[in-house]
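Here is the structure we will look at, set down as structure tokens.
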Amino acid sequence: MVTLNTDDMTPVINRLRRAQGQIGGVIRLIEEGRDCKDVVTQLAAVNRALDRAGFAIVSSGMRECLTSPDGINAEDQATMEKLFLTLA
4 MVTLNTDDMT
14 PVINRLRRAQ
24 GQIGGVIRLI
34 EEGRDCKDVV
44 TQLAAVNRAL
54 DRAGFAIVSS
64 GMRECLTSPD
74 GINAEDQATM
84 EKLFLTLA
């Protein structure tokens, strides 16, 4: 299976930390009884951040496969396709 390059994951980790903060913000909005529009807007922002993190992870994995001296085997290709479609 494809392993992730930890250097490529720094921006992903940062994005996930921001999403974590946004989720805390959503919880606070709900606890404060804020407007539905504010809550949904923040949820949408969290969703986009998580999607981008997921796509960045899949992209990194695909790059690893493409640059591997051994190339990509059918099993890894199928796995990467499945991961991509899971996010789509």
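The numbering of the sequence shown is this note's numbering, which starts it at 4 and goes up by one. Even glycine gets a Cβ: it sits at the ideal position worked out from N, Cα and C. Since this is a predicted model, take the numbers as computed values, not measurements.
Looking at the structure shown, is Glu34 part of a helix, part of a strand, or coil, going by DSSP? helix
Would the stretch 61-72 count as touching the stretch 25-32 if we require 3 or more Cβ pairs under 8 Å? no
Count the other C-beta atoms from every protein chain shown that fall within 10 angstroms of the C-beta of Gln23, then say buried if there are 16 or more, exposed otherwise. exposed
What do you reckon, are the CB atoms on Ala59 and Pro14 nearer than 8 Å? yes
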